[in-house]
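Numbering (my numbering), first residue to last: 10 to 110. Don't be surprised by glycine CBs; every beta carbon is placed ideally from N, CA and C. Because the structure is a prediction, the values reported are computed rather than measured.
Below you can see the structure in the form of structure tokens.
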């Protein structure tokens, strides 16, 4: 049996978002969420295969994203509590998402 990490699975089965890269100086998490129709007051961040999940007010994640996500070190998955969408932001800024309808 071949093991596929959660992050590898995202890259294989998720939808790549070409329009955005988190390393871009003009990147806006607010615009990304709006394009994906994600609107919530609280957002969760998975850091490591769902072993560690932090919960933030969404506005705090918008305002402090550059202090929370560290390029070259962090692969994160961001999702609302109702788990309707999962957004992976890779260490190199590349973004994928999976919607759970």
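Would you say residue 98 and residue 47 are within 8 angstroms of each other, going by their C-beta atoms?
no
Leaving out five residues on either side along the sequence, give the residues of the same chain with a beta carbon under 7 angstroms from the beta carbon of residue 81.
100
With H, G and I counted as helix, E and B as strand and the rest as coil, what does DSSP make of residue 84?
coil
Contiguous beta strand (DSSP E) assignments of at least 3 residues, all confined to the segment 19–88:
51–55, 62–66
Going along the chain, which residues of its own chain have a beta-carbon closer than 6 angstroms to the beta-carbon of residue 84, five neighbours each way excluded?
16, 99, 100
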